[in-house]
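To convert, count from 1 in the sequence shown and add 3; that's our numbering.
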Amino acid sequence: MVLCTSLVCAAAAEAVAAIPVVRGDTRRSEAELKAEEAEQAAALEENTRLEVEAKRTPEGYTSSSVEPSPPANEEEPPDQFVCPITTEVMSDPVMAADGQSYERLAIERWLATKQTSPLTGGELDHSFLVPNHLLRRQIREWQDARYAFMFFASAARHAALQ
């Protein structure tokens with residue numbers, strides 16, 4: 004696919020023009036994400052506490068089989084966190100011309116041999132990749148929340164066995 008200079012400049016100008024909109028959405032979304040994260044952390048702690056209490060024996064001691072498990076929605080990553088090419092959680096998500104986010108290395112390898120969308124097969128208007136900072140932050144927050152849950156669950160198991 005051969006692009007003339009004016010098309011490249013036009014595409015770059017469109018990408019730059021979209022940046023303030025993304026930044027505006029990011030500020031709004033950060034507050035929502037922090038509130039949601041706080042709610043999830045509180046719910047995870049409460050869930051762990053309730054599971055430990057539910058497994059107490061009549062004498063008030065916990066059984067040795069206390070194994071709080073994370074909620075199903077915490078075990079599997081949200082679909083938007085998974086690269087459609089690698090089927091793994093993304094660490095460096097970028098957005099391609101088809102509007103889809105991909106793991107940077109995977110889409111770069113794809114675009115080295117093809118100029119089509121991995122999802123639709125349609126020809127891409129350009130091969131520019133824009134870092135998806137908001138998605139990266141959401142993935143990291145999700146990973147941190149999972150780590151926190153595992154930490155609290157481990158602490159709850161330890162306390163229950165004491």
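The beta carbon of each residue, even a glycine, is placed where N, CA and C say it ideally should be.
Item, Value
"Mind the definition here: the region 135-153 touches the region 76-88 only if three or more C-beta pairs lie below 8 angstroms; say whether that holds.", "yes"
"Give the DSSP-derived three-state secondary structure of M153 in the structure shown.", "helix"
"Excluding the 5 residues flanking T89 on each side, which residues of the same chain have their C-beta closer than 6 angstroms to its C-beta?", "E106, A109"
"Could you pull the DSSP bridge partners for V106 from this structure?", "For the record, residue 106 in the displayed sequence is Glu; it is not Val. In the DSSP output, where bridge partners are listed per residue, E106 has P96."
"With burial defined as no fewer than 16 other Cβ atoms inside 10 Å of the residue's Cβ, what is the status of L166: buried or exposed?", "Look at the range of the chain in this structure, 4 to 165, and you will see that residue 166 is not part of it."
"Beta carbon of H129, beta carbon of A100: below 7 angstroms?", "yes"
"In three-state terms, what does DSSP make of E91?", "coil"
"Between T123 and the rest of its own chain, which residues show a CB-CB distance below 7 angstroms, the 5 nearest in sequence each way excluded?", "D101"
"Decide if P96 is buried, meaning its Cβ has at least 16 other Cβ atoms within 10 Å, or exposed.", "buried"
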